[in-house]
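Numbers in my numbering are just positions in the sequence shown, counted from 1, shifted up by 1013.
All C-beta atoms in this analysis are idealised placements derived from N, C-alpha and C, irrespective of residue type, glycine included.
Single-structure report; data block below.
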Amino acid sequence: PYLSVHDNINLCRNVLGMKRDGTVEHLAEMLGIANQLKKRPDALSTGERQRVAIGRAVAHRPSIVIADEPTASLDPYAAEKVMSLFLGLAEEFNITVILASHAWEHMEKLGLRRLTHETIRDHNNMFTETVVSG
């Protein structure tokens, strides 16, 4: 809460010793929060905070981002917009996204592949195995 939007997005890049190269500003522009870079989180709307979190998640260009209900606190229209931005940035930065969501209809609209899982135990209840399909 004490970091500006710019510093929040830049957090992982800073920890990793990555140089300033305009990535934070580019992300802020793409996420529609470029005019918020000097503000602190408490001065932002819920949707703007979600966009900052997405920017922070992709700014250091990880191979994979695992997101658990990243738009759960947003109304359906804002959620669709933010999710589209997130997926667009992931594609631009060549990031694999694993997304946990209960909004299956929304995910299908975005063209995402649905994976399901089942955890099973052996007959002696000594081992468990999770099988992912989809």
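Distance CB(residue i)-CB(residue j) smaller than 9 Å
| i | j | result |
| --- | --- | --- |
| L1040 | L1102 | yes |
| Y1015 | R1053 | yes |
| R1166 | I1022 | One cannot answer for residue 1166 here, as it falls past the ends of the chain, which runs 1014 to 1147. |
| S1076 | T1059 | no |
| N1027 | D1034 | no |
| L1123 | E1093 | yes |
| L1050 | V1018 | yes |
| F1099 | R1074 | no |
| A1080 | L1112 | yes |
Cβ separation of residue i and residue j, assumed to be a contact under 8 Å, to the nearest whole Å
| i | j | result |
| --- | --- | --- |
| L1128 | V1110 | Actually they do not touch by this definition, with Cβ atoms about 12 Å apart. |
| I1133 | E1121 | So it is not a contact: roughly 27 Å between Cβ atoms. |
Endpoints, alpha helix (DSSP H) assigned at residue i
| i | result |
| --- | --- |
| I1022 | 1018 to 1022 |
| H1039 | 1036 to 1043 |
Residue range of the unbroken beta strand (DSSP E) whose run includes residue i
| i | result |
| --- | --- |
| H1136 | Counting along the chain, H1136 falls outside any beta strand (DSSP E), and DSSP gives it neither H nor E. |
Original post:
Going along the chain, which unbroken runs of the beta strand (DSSP E) with 3 or more residues stay wholly within the segment 1051 to 1119?
Top reply: 1077 to 1081, 1109 to 1113
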